[in-house]
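Novice: Below is a structure I'd like to ask you about.
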Amino acid sequence: MMKVVLDTNVFVAAGFNSHSHAAQIIGAVRAGRLALVWNEETRSETQHILEKIPPLAWSDFAPLFREVDRYDGVTEPERFLEVSDPDDRKFAALALAVGATLVTQDEHLLSVRDSLGVTVQTARGFWERMAAANLGA
Numbered sequence: 292m293m294k295v296v297l298d299t300n301v302f303v304a305a306g307f308n309s310h311s312h313a314a315q316i317i318g319a320v321r322a323g324r325l326a327l328v329w330n331e332e333t334r335s336e337t338q339h340i341l342e343k344i345p346p347l348a349w350s351d352f353a354p355l356f357r358e359v360d361r362y363d364g365v366t367e368p369e370r371f372l373e374v375s376d377p378d379d380r381k382f383a384a385l386a387l388a389v390g391a392t393l394v395t396q397d398e399h400l401l402s403v404r405d406s407l408g409v410t411v412q413t414a415r416g417f418w419e420r421m422a423a424a425n426l427g428a
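Spelled out as structure tokens, the structure:
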């Protein structure tokens, strides 16, 4: 199964637009076609942000953080100094540690993606890649 690390903005986009590429990716995680790999740092940030945006509900997304896909190993966010926002580094570090694709809409990550040593894609780019591999629908 394809592993993915989802930046918080993917959950936000999915919550606001149920027809977005982000929502399609969330749907694939719900259906078990993608493994959402997470650690405490990424889950905690996602929960914190979703709880701050009133129309969104953490409870809608919490079941996606399956214990079987939790990563408790070492990550090295400090390796990603080229990512100007320190809060974004944990997502790149996790993706690198587990060999997953990082999906984000964050310019701090997208602008330096070629130097990170990990695959970083927009929701649209990732969804199109999944569709081409017949993993989407």
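Okay, so the sequence shown: first residue is 292 according to our numbering, each after it adds one.
For every residue, glycine included, the Cβ atom is placed at its ideal position computed from N, Cα and C.
These numbers were taken from a predicted model, which means no experiment stands behind them.
Given this structure, state the Cα-to-Cα distance separating residue 425 from residue 299, to the nearest angstrom.
Specialist: 25 Å
Novice: Where residue 362 and residue 397 are concerned, what is the direct C-alpha to C-alpha distance, given to the nearest angstrom?
Specialist: 22 Å
Novice: What does DSSP give as the partner residues of residue 326 in its beta bridges?
Specialist: 294
Novice: My output table needs one value for residue 389: the three-state DSSP class, helix, strand or coil.
Specialist: helix
Novice: Going along the chain, which residues of its own chain have a beta-carbon closer than 7 Å to the beta-carbon of residue 390, five neighbours each way excluded?
Specialist: 294
Novice: Once the 5 residues before and after residue 378 are set aside, which same chain residues still bring their CB inside 8 Å of it?
Specialist: 336
Novice: Tell me where the alpha helix (DSSP H) around residue 416 begins and ends.
Specialist: 414 to 423
Novice: What residues are listed by DSSP as bridge partners for residue 361?
Specialist: 329
Novice: By the 10 Å Cβ neighbour count, where 16 or more other Cβ atoms means buried, how is residue 344 classified, buried or exposed?
Specialist: exposed
Novice: Look at the alpha carbon of residue 351 and the alpha carbon of residue 333, and state the distance between them as a whole number of angstroms.
Specialist: 17 Å
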